[in-house]
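Residue numbers (our numbering), protein chains in the order written: chain Y, 15 to 184; chain E, -2 to 360.
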């Protein structure tokens, strides 16, 4: 019969030899394998005490960025929401009023910015779409919670702390 | 007035010994559960329990407490009395076996000789196997009284497995008994004194290697441990005979299995690995007489008990290594191995031993 792949292995169905029949050599072989594992170093990480470093391309929880002076970078252009394949991002834009120059970088800003973390697939397209470097994915894992509502992250949850005002923010 | 002569000192001595042995059995069994998890872990490159106390040493306590606080469920359609009796029976028979095992040599004091064996009955081995056979009733009752088809299947398996392997076990023992000429455990251990005499090892392992092998395999089967854990068979029978059990009744079953393992290891060590005997024990005894003229007997007995415990620990570890190495037998394979391999092998061993004793050693 013609083989579809060259990976097929013919099963050896020849009757067992005496050595195979008395099992003991095979058992000793098996014991050798397991005992060799006994002296090997365990691969476990004791999680809460020691954490494995994330890879440099890890995509975790979103962060809304500020510039060096602490102004929000987001202009509510909506490109991230457009790019989002899971439709997790919603926002409402507002116009900057005079006197708010120290809070918002551009004339337009996001009055409301929400990400539904239950919908988000952490693909990072929002990060790629953003022309203002305002949203990026951090190296944080999303914490568990009890209600669905608490998984909709508001702007306050997403904004990084102000570099001058809240230096020691959590 | 006729007073029955009761030797209160004797009774006190035995009661203390029984309490110590029971405590030791429970302690060893508790830490065997911890050890099993640790052994499983290191063989699979894991850490095992390490949260409760240093190295997870309080894990057995935590497990026991957890079982005590679980809800106790007695199924509606179970045969309730038998359902409650089964775990107790399993536990009692597991503990009873330890009565005839000599844990150490006699301690000679000014007041008399203290024996480190609860009962030196002259049919010690027979007693052990009698009690072990009764132990199967615990499983059978448990499985039957649960009124659950998986439990019933499992207990049927347990019974047939126990009967099949007890035959080979008994036959392998007959060869050993031909060599010892005695059924008393104390006498068998005394015959294995030291390690080397008259140009050959004194331990019966070296005189009956085939018998030991058959005995060991049958012990695995009697203990319902992997690769013979047919009655439990998580994947097909859903834990088998203790499927319907919950709370401490389940705990009793699980615990009794570990006590059984401890006692079986003790029997194996006693019958084949010299019990409390160790190489150069006479030299150690003489040396102790020089160093501690007052307490040499009790210190020597202590060393002997420790040696026996070390052997038992070795066997328990071996049981665990095997469990995490070999996959479970299929039921027909199990029966084939028992009836077609082990029983004929045990018979051959018996005939060879008899022939050797009759014509070569002329004893």
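No residue lacks a Cβ here, since even glycine has one placed at the ideal position from N, Cα and C.
Beta-carbon proximity list for residue i, same chain, < 8 Å, skipping 5 on both sides
i              : result
residue 53(Y)  : none
residue 141(E) : 76, 79, 148, 149, 152
residue 383(E) : With chain E running from -2 to 360 in the structure shown, residue 383(E) is simply not present.
residue 45(Y)  : none
residue 34(Y)  : 40
residue 153(Y) : 68, 72, 74
residue 47(E)  : 53
Element boundaries [alpha helix (DSSP H), containing residue i]
i              : result
residue 83(E)  : 77 to 93
residue 346(E) : 340 to 352
residue 8(E)   : 5 to 40
residue 302(E) : 293 to 320
residue 51(Y)  : 38 to 52
residue 143(Y) : 139 to 143
residue 283(E) : 278 to 288
residue 94(Y)  : 93 to 97
residue 113(E) : Counting along the chain, residue 113(E) falls outside any alpha helix (DSSP H), and DSSP gives it neither H nor E.
residue 328(E) : 328 to 332
residue 33(Y)  : 32 to 35
residue 57(E)  : 56 to 66
residue 169(Y) : 169 to 172
Endpoints, the beta strand (DSSP E) within which residue i is located
i              : result
residue 103(Y) : 103 to 109
residue 122(Y) : 122 to 130
residue 150(Y) : 149 to 151
residue 77(Y)  : 76 to 78
Own chain, CB closer than 7 Å to residue i, minus 5 neighbours either side, in chain order
i              : result
residue 30(E)  : 57, 60, 255
residue 4(Y)   : This structure gives no information on residue 4(Y), because the portion of chain Y shown stretches from 15 to 184.
residue 182(Y) : In this prediction, residue 182(Y) scores a pLDDT of 48, lower than 50, which makes its location untrustworthy; the coordinate-derived value is nonetheless stated afterwards. No residues qualify anywhere along the chain.
residue 161(E) : 332, 335, 336
residue 168(Y) : 128
residue 182(E) : 97, 98, 99, 121, 122, 267
residue 138(E) : 79, 82, 83, 86
residue 134(Y) : 100, 102
residue 94(Y)  : 103, 140, 143, 144, 149
Same chain only: Cβ atoms within 6 Å of residue i, ignoring 5 sequence neighbours per side
i              : result
residue 9(E)   : none
residue 22(Y)  : none
residue 169(E) : 208, 211, 212, 343
residue 184(Y) : Residue placement at residue 184(Y) is flagged as unreliable, the pLDDT there being 44, under the threshold of 50; the coordinate-derived value follows with that caveat. Taken in chain order, the list of residues that qualify is empty.
residue 263(E) : 98, 309
residue 155(E) : 136, 228
residue 370(E) : The displayed coordinates of chain E run from -2 to 360. Any statement about residue 370(E) would go beyond what the structure contains.
residue 142(Y) : none
Fill in: Contacting positions in the region 190 to 210 of chain E - beta carbon closer than 9 Å to chain Y
210
Worksheet item: In chain order, which alpha helix (DSSP H) runs of at least 4 residues are fully inside the region 198 to 260 of chain E?
Response: 201 to 204, 206 to 219, 231 to 234
Item to complete: Scan the region 313 to 336 of chain E for residues whose Cβ lies nearer than 8 Å to a Cβ of chain Y and list them as they occur along the chain.
Response: 318, 319, 321, 322, 323
Worksheet entry | Interface residues of the region 36 to 47 of chain E facing chain Y [CB-CB below 9 Å] | 36, 38, 39, 40, 41, 42, 43, 44, 45, 47
Worksheet item: Are the region 237 to 257 of chain E and the region 85 to 94 of chain E in contact at 8 Å, needing three or more beta carbon pairs?
Response: yes
Item to complete: Residues of the region 41 to 62 of chain Y with a CB closer than 8 Å to any CB of chain E: list them in chain order, please.
Response: Those would be 41, 44, 45, 47, 48, 49, 51, 52, 54, 55, 56, 57, 58, 60, in chain order.
Worksheet item: Whole alpha helix (DSSP H) runs in the region 124 to 208 of chain E with 4 or more residues, listed along the chain?
Response: 146 to 177, 182 to 188, 201 to 204
Discussion item. Closer than 8 Å is the cut-off here; do at least three beta carbon pairs connect the region 97 to 106 of chain E with the region 298 to 312 of chain E?
Written reply: yes
Worksheet item: Can at least three beta-carbon pairs, one atom from the region 120 to 131 of chain E and one from the region 205 to 213 of chain E, be found at a separation below 8 Å?
Response: no
Discussion item. Under 8 Å, with one C-beta from each stretch per pair, do the region 106 to 115 of chain E and the region 228 to 238 of chain E reach the 3-pair mark?
Written reply: no
Worksheet item: So does the region 11 to 27 of chain E actually touch the region 35 to 49 of chain E, counting three or more Cβ pairs closer than 8 Å?
Response: Result no; under three Cβ-Cβ pairs closer than 8 Å.
Worksheet item: Is the region 312 to 329 of chain E touching the region 279 to 299 of chain E in the sense that three or more CB pairs, one from each, lie closer than 8 Å?
Response: no
Practice prompt. Would you check if the region 230 to 245 of chain E and the region 171 to 178 of chain E touch, i.e. whether three or more CB-CB distances between them fall below 8 Å?
Written response: Flag = no, the region 171 to 178 of chain E and the region 230 to 245 of chain E do not touch.
Fill in: Cβ pair count under 8 Å reaching 3, the region 234 to 248 of chain E against the region 67 to 75 of chain E
Put simply, the region 234 to 248 of chain E touches the region 67 to 75 of chain E. At least three CB pairs are less than 8 Å apart.
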